[in-house]
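Residue numbers (this note's numbering): -18 to 339.
Input: a single structure, listed below in structure tokens.
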Ligand SMILES: Cc1ncc(COP(=O)(O)O)c(C=O)c1O
């Protein structure tokens, strides 16, 4: 007999992309990390925190700031968003979990398009929520059925994963205004690689929050940092369900330092965007259909699912990890993270070798 809630018994655990041990000799293009290092200010801030006090690491004796003031203040300075309308998370994944915990009772609805970030489904299942999804059309335009949704939460990744596509401000404003009963969560994990952002909607509308992560453009996936921007009443309520010390001492100073060096993050995003353009072009030249991406990855469709699955396996054998989703509407595609130019050269050469075998 299981002691778990039936919905937990019935669900599968979220499967993160493969994380080979540090130092493994692989080209890692499978989990959308940044190929470039974080701002030098980050390591300096972590060292300074470790060196402060009577002995190395002395400050680690003490609990960290539950309000992550330095991090949130740096975010307010960088964005112009009001300080008390910003909340910090242990990655944006924790903020997503907090939203589900705070807004959705058992049996209540969470809606999102399909295919998108798989964790939305996992969190909804763990909560015992009802899941309503609408398929994206082939070009990944916003499914019209989302408008007027009565869901308590509507999740929308913009840019979406794994497609890298966006929607524009006017449709998202209309979508938020059409919701009768719930919050629109715009997950901007990849926004620094896109043309525009939606912070203005979180400022103006009472039912919009925007999430950001430091795992992509800030090159800090290993630090676990995320931010939520939203209306004051929403943020105030979320504090009640937040773990007190959700960001550790080193993460707080790392996040603040990275935000203070916006030029570094921007320059890396520029490099990624230039490589992305080349990757998309070269994939098309190899006969793949690359979805136009505003993110740090490209989703490219092969002629069929068997070709895509074979390409994934061949690349893996050659030490190149990309992401393959054996799922409905995705199984003919490959999601390739934009790496350095050298990494992308290796990927393209190996893919070409595979396709030439017929
Ligand atoms: C759309 C989307 N949201 C959120 C995340 C998770 O971000 P974090 O590392 O901050 O938890 C990811 C990670 O891949 C993502 O693709």
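All C-beta atoms, glycine included, are put in the ideal place defined by N, C-alpha and C.
Sequence-distant residues of the same chain with beta carbon closer than 6 Å to residue 304, five excluded per side: Within the chain shown, numbered from 1, the residue matching residue 304 stands at position 323. Answer for residue 304: -2, 11 and 316, listed in chain order.
Collapsed DSSP secondary structure at residue 125 in the structure displayed: As a working note, residue 125 is residue 144 in the chain shown. Three-state DSSP puts residue 125 in a helix.
Proximal residues to residue 2 (C-beta, below 6 Å), its chain only, five neighbours per side dropped: Translated into positions along the chain shown, residue 2 becomes position 21. Once the five neighbours on either side are set aside, residue 2 has no close Cβ partner at all.
Contact belief for residue 70 with residue 163 at Cβ below 8 Å, rounded distance in angstroms: Within the chain shown, residue 70 is the residue found at index 89, counting from 1. Within the chain shown, residue 163 is the residue found at index 182, counting from 1. About 20 Å; that fails the 8 Å criterion.
Residue from 338, 311, 330 and 302 with nearest C-alpha to residue 5: As a first step, residue 5 is located in the chain shown; it is residue number 24 there, counting from the start. Looking at the Cα atoms, 302 is the closest of the given residues.
Separation of residue 198 from residue 253, as counted between CA atoms: The sequence position of residue 253 within the chain shown is 272, counting from 1. The sequence position of residue 198 within the chain shown is 217, counting from 1. Taking the straight line joining both Cα atoms gives about 9 Å.
Three CB pairs or more closer than 8 Å across the region 116 to 133 and the region 245 to 261: Segment contact: the region 116 to 133 against the region 245 to 261, fewer than three CB-CB distances shorter than 8 Å; contact not assigned.
Residue 229 beta carbon near ligand 1 (any heavy atom closer than 6 Å): Here residue 229 is taken as the residue at index 248 of the chain shown, counted from 1. Checking every heavy atom of ligand 1 against the Cβ of residue 229, none is found closer than 6 Å.
Alpha carbon of residue 64 to alpha carbon of residue 219, nearest angstrom: Translated into the one-based positions of the chain shown, residue 64 becomes position 83. Translated into the one-based positions of the chain shown, residue 219 becomes position 238. So the two alpha carbons sit approximately 15 Å from each other.
Rounded Cβ spacing between residue 147 and residue 175 (contact assumed at less than 8 Å): Walking along the chain shown from the start, residue 147 turns up at place 166. Walking along the chain shown from the start, residue 175 turns up at place 194. Between residue 175 and residue 147 the Cβ distance is about 6 Å, and since that is below 8 Å, they are a contact.
Backbone secondary structure at residue 340 - three-state DSSP: Nothing in the structure corresponds to residue 340, since the chain is present only between -18 and 339.
For residue 72, the first and last residue of its enclosing alpha helix (DSSP H): If you number the chain shown from 1, residue 72 lands on position 91. Run containing residue 72: 72 to 84, per the alpha helix (DSSP H) assignment.
For residue 94 and residue 58, the rounded distance between their alpha carbons: Against the chain shown, residue 58 aligns to sequence position 77. Against the chain shown, residue 94 aligns to sequence position 113. If you take the alpha carbons of residue 58 and residue 94, they lie about 33 Å apart.
Cβ separation of residue 281 and residue 270, assumed to be a contact under 8 Å, to the nearest whole Å: Indexing the chain shown from 1 puts residue 281 at position 300. Indexing the chain shown from 1 puts residue 270 at position 289. About 6 Å; that satisfies the 8 Å criterion.
Nearest-angstrom beta carbon gap, residue 237 and residue 55 [assumed within contact, 8 Å]: Position 74 of the chain shown, counting from 1, holds the residue named residue 55. Position 256 of the chain shown, counting from 1, holds the residue named residue 237. Between residue 237 and residue 55 the Cβ distance is about 4 Å, and since that is below 8 Å, they are a contact.
Same chain only: Cβ atoms within 8 Å of residue 78, ignoring 5 sequence neighbours per side: Walking along the chain shown from the start, residue 78 turns up at place 97. Cβ within range, chain order: 104.
Residues whose Cβ lies closer than 5 Å to any heavy atom of ligand 1, in chain order: 72, 73, 74, 98, 138, 142, 168, 170, 194, 196 and 207
Which of helix, strand or coil DSSP assigns to residue 270: Mapped onto the chain shown, residue 270 falls at position 289. Strand, per DSSP.
Residue burial classification, residue 155 (beta-carbon count within 10 angstroms, cutoff 16): Here the question's residue 155 lines up with position 174 in the chain shown. The residue is exposed, with fewer than 16 neighbouring Cβ atoms inside 10 Å.
Inter-residue CB distance, residue 177 and residue 276 (contact presumed, cutoff 8 Å): As a working mapping, residue 177 is identified with position 196 in the chain shown. As a working mapping, residue 276 is identified with position 295 in the chain shown. The Cβ separation is near 13 Å, so there is no contact.
Which listed residue (28, 50 and 333) has its alpha carbon closest to that of residue 226: As a first step, residue 226 must be located in the chain shown, where it is residue number 245. The shortest Cα separation from residue 226 among 28, 50 and 333 belongs to 50.
Residue from 311, 274, 165 and 300 whose Cα sits closest to the Cα of residue 290: Residue 290 sits at position 309 when you count from the first residue of the chain shown. Residue 311 is the option with its Cα nearest to residue 290.
Burial state of residue 66 (16 or more Cβ within 10 Å): To locate residue 66, count along the chain shown from 1; it is residue 85. Buried, by the Cβ-count rule.
Beta carbon of residue 138 nearer than 7 Å to that of residue 189: Counting from one through the chain shown, the residue named residue 138 turns up at place 157. Counting from one through the chain shown, the residue named residue 189 turns up at place 208. Taking 7 Å as the Cβ cut-off, residue 138 and residue 189 do not qualify as a contacting pair.
Presumed contact (8 Å Cβ cut-off) between residue 193 and residue 232, rounded CB distance: One-based indexing of the chain shown puts residue 193 at position 212. One-based indexing of the chain shown puts residue 232 at position 251. Contact between residue 193 and residue 232 is ruled out by a C-beta separation of about 15 Å, above the 8 Å threshold.
Residues near residue 40 in its chain [Cβ-Cβ closer than 8 Å; skip 5 each side]: Working through the chain shown from its first residue, we reach residue 40 at position 59. So the qualifying residues of the chain are 30, 31, 33, 34 and 230.
Where the alpha helix (DSSP H) through residue 116 begins and ends: Taking the first residue of the chain shown as 1, we reach residue 116 at position 135. Not the alpha helix (DSSP H): residue 116 falls in the beta strand (DSSP E), residues 111 to 116.
C-alpha distance - residue 130 paired with residue 224, whole-angstrom precision: Against the chain shown, residue 130 aligns to sequence position 149. Against the chain shown, residue 224 aligns to sequence position 243. C-alpha separation (whole angstroms): 30 Å.
Backbone secondary structure at residue 243 - three-state DSSP: Start at 1 with the first residue of the chain shown, and residue 243 comes out as number 262. Three-state DSSP puts residue 243 in a helix.
Cβ neighbour criterion (16 or more within 10 Å) applied to residue 74: Indexing the chain shown from 1 puts residue 74 at position 93. By the C-beta density criterion, residue 74 is buried, having at least 16 other C-beta atoms within 10 angstroms.
Nearest-angstrom Cα separation, counted from residue 202 out to residue 242: The count along the chain shown starts at 1 and reaches residue 242 at position 261. The count along the chain shown starts at 1 and reaches residue 202 at position 221. Cα-Cα distance, rounded: 17 Å.
7 Å Cβ shell around residue 333 - same chain, five flanking residues per side excluded: On the chain shown, position 352 is the one that residue 333 refers to. So the qualifying residues of the chain are 267.
Span separating the alpha-carbon of residue 285 from that of residue 313: Taking the chain shown and counting its residues from 1, the one referred to as residue 285 is at position 304. Taking the chain shown and counting its residues from 1, the one referred to as residue 313 is at position 332. Their Cα atoms are separated by approximately 5 Å.
Any beta strand (DSSP E) of 3 or more consecutive residues that is wholly inside the region 121 to 180: 134 to 138 and 164 to 168
N- and C-terminal bounds of the beta strand (DSSP E) containing residue 97: Walking along the chain shown from the start, residue 97 turns up at place 116. Residue 97 -> no beta strand (DSSP E), and no H or E assigned at all.
Rounded Cβ spacing between residue 110 and residue 85 (contact assumed at less than 8 Å): The residue given as residue 110 occupies position 129 in the chain shown. The residue given as residue 85 occupies position 104 in the chain shown. With 8 Å as the limit, residue 110 and residue 85 qualify as a contact, their Cβ atoms being about 5 Å apart.
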